[in-house]
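A.B. asks:
Numbering (the working numbering), first residue to last: 1 to 163.
#1: Let me know the secondary structure DSSP gives residue 36 once reduced to three states.
#2: Cα-Cα, which of 9, 48, 69 and 27 is closest to residue 108?
#3: Can you tell me the Cα-Cα spacing of residue 19 and residue 82, whole angstroms?
#4: According to DSSP, simplified to helix, strand and coil, what is residue 81?
#5: Assign residue 90 to one of three DSSP states: helix, strand, or coil.
#6: Determine, using beta carbons only, whether residue 49 and residue 125 come nearer to each other than 8 angstroms.
#7: I'd like the list of long-range same chain contacts for residue 72, defined as Cβ closer than 8 angstroms, with 5 residues on each side in sequence excluded.
#8: Helix, strand or coil: how does DSSP classify residue 113 here?
#9: Does DSSP put residue 128 in a helix, a strand or coil?
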């Protein structure tokens, strides 16, 4: 029973590692896009949507690993970590599980780093866009005030200097 659970857990980790690799590729692609280029805005939106779908799949599949870890912990009397399983059962599958866990951890760290860089670029673009919007609103407001003022100025003006 424990070997079967270990094999299923390794298959699960291989699938998760593939999803994390895909997430890393999408994040790297997203980090290379320029948020100030209007032609890339749809691409950025689509990429963000695909990433959120991938993250939802990863979270859903992560929940499925819980029962497998419980079986392994009960059978091997160890903590629910790949290193503890490897120490309790030194076999090829446990070593592969440990290797996949390290790969997933490194991919998560790389995705977090790229996310921070992309978030900074997006915030800079957002600030620039907000400044342009504020400038446009001020010019519109000034235009409206000028038009209102010029419409009301029909009348008699007295030049006090000549009096």
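Idealized CB from N, CA, C, for every residue including glycine.
C.D. replies: Judging by the given coordinates:
#1: coil
#2: It is 27 whose Cα lies nearest to the Cα of residue 108.
#3: 19 angstroms
#4: coil
#5: coil
#6: no
#7: 2, 5, 6, 9, 78, 80 and 85
#8: helix
#9: Residue 128 carries a helical assignment under DSSP once its states are collapsed to helix, strand and coil.
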